[in-house]
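To keep things clear, I will list the structure first and then write my remarks on it.
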Ligand SMILES: *Cc1c(COP(=O)(O)O)cnc(C)c1O
């Protein structure tokens, strides 16, 4: 940890909190972040020469594992031709086609540079399309850091106990209605009076930003039915779940067709990408086809498109998601058993290859029940795992991820480390 500590001290004087995204600072677990030198497959290597089995995977994008040889090779070849043109390329068509084929709810898609941009733009388009101002989101769902979306927004905010961020004008937040996840009655009550003002409902179909909270049977279905009947645009934020819980995302997994979808993370193959898309009549609102402005100097960047295309090509091979499912259920069994044998009360949730272990006895169904988790115990567990070479997200309120590079041996090692760590935090 010596070099990591020196680097963090230096970074602290140059970058706010020493990091370029808050949760990386390890504040929630009271530690010093490890500085990473490189990654390969399921592993990351820090500047002090330690290796870890990685369950963060850059917060979700690296479903193939670190430095996948085919992805790296493709990026190298693309880079030799040039890094950006600010003009159309065939690569954008190729990735758009792959995305639209995988998500039949979308007729058209626009590439952007991050998940934040995707949700921010999708909401603008939904407002332009409906001529309405208000939006509905759900407690604990994170949709990036755009103003107006930083209301009860999960992980980062939850971790730091800041429900709203200073710097967001009240007049913005005023247009955001926040409702409890998995509570269809609360939703019905609000739209009965408010529907005329509501442009869209945005939701993480599986909430990955307070751990991993699954939708109750019927919840998403009823949302779909009601939004359709009131002319409200339903936006699935699948930045995390897209190509993760299945190739077709949560919408294929739960068989629901939203009006708009936001993507990011995996479709960039480890480079900065986001995307939003939806029905033809909605997407034809987007400039230059329509009047809703949205643009980007580096949008559709050839390196990012190339990494995304290669990643999706590999993901669309036969048996890939079956393999992820097998490995994830192996991990689920292992972690659940380890906690039980060690005598620690936990609840484990999983959607495909994203998962979370909560340190609580109660079922986790929404934001308040997620917050019942014993975060002090989680912190100890996190450090105990790190010490044993297992890199978990440094917050209770984050999902963990598996990649195709994780082996049975990795999982065995993880489960053994978890058993010892559970004993330590008992
Ligand atoms: C990560 C994430 C975002 C934000 O994406 P960035 O690329 O970090 O801006 C938005 N929505 C969800 C569901 C996410 O998981």
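Numbering (this note's numbering), first residue to last: 1419 to 1844.
Glycine residues also receive a C-beta, built at the ideal position from the N, C-alpha and C atoms.
Less than 8 Å separating the beta-carbons of residue 1646 and residue 1619?
-> no
Distance, residue 1483 Cα to residue 1452 Cα | 19 Å
Give the straight-line distance between the Cα atoms of residue 1517 and residue 1714, rounded to the nearest whole angstrom.
-> 19 Å
Coarse secondary structure for residue 1693, derived from DSSP in three states = strand
In the structure shown, what three-state DSSP assignment does residue 1819 receive?
-> strand
With residue 1732 as the anchor, note down where its alpha helix (DSSP H) starts and where it stops.
-> 1720–1733
Where does residue 1802 fall in DSSP's three states?
-> helix
Does the Cβ-Cβ distance between residue 1725 and residue 1493 come in under 8 Å?
-> yes
Who are the Cβ neighbours of residue 1757 in its own chain at under 6 Å, not counting the five residues just before and after it?
-> 1764 and 1840
Measuring only between beta-carbons, confirm whether residue 1801 sits less than 8 Å from chain B.
-> In the structure shown, chain B cannot be found, because there is only a single protein chain.
Per DSSP, residue 1530 is paired with what?
-> 1692
Run through DSSP, which three-state label would residue 1579 get?
-> Here the model assigns residue 1579 a pLDDT of 40, short of 50, so the residue's position is not dependable and the matter cannot be decided.
Outcome for residue 1707 when other beta-carbon atoms lying within 10 angstroms are tallied against a minimum of 16 | exposed
What are the partner residues of residue 1809, as DSSP defines its beta bridges?
-> 1472
In chain order, what residues of the same chain have a beta carbon less than 8 Å from the beta carbon of residue 1600, not counting five sequence neighbours either side?
-> 1631, 1633, 1634, 1637, 1783 and 1784
Any residues whose CB sits closer than 5 Å to a heavy atom of ligand 1? List them in chain order?
-> 1532, 1533, 1534, 1561, 1562, 1622, 1655, 1657, 1658 and 1682
Does the distance from the C-beta atom of residue 1806 to that of residue 1844 stay below 8 Å?
-> no
Ordered along the chain, which non-local residues of its own chain (more than five positions away) have a Cβ less than 8 Å from that of residue 1426?
-> 1436, 1450, 1451 and 1453
Do residue 1537 and residue 1566 come within 8 Å of each other at the CB atom, strictly closer than that value?
-> no
Residue 1456, DSSP secondary structure in three states | strand
Runs of beta strand (DSSP E) lying entirely within the region 1750–1809, each at least 3 residues, in chain order | 1765–1769 and 1772–1776
Note down, in chain order, each residue of its chain lying with its Cβ closer than 6 Å to the Cβ of residue 1788, except the 5 sequence neighbours on either side.
-> 1628, 1629 and 1782
Reference residue 1546, options 1711, 1666, 1621 and 1698, closest by Cα = 1711
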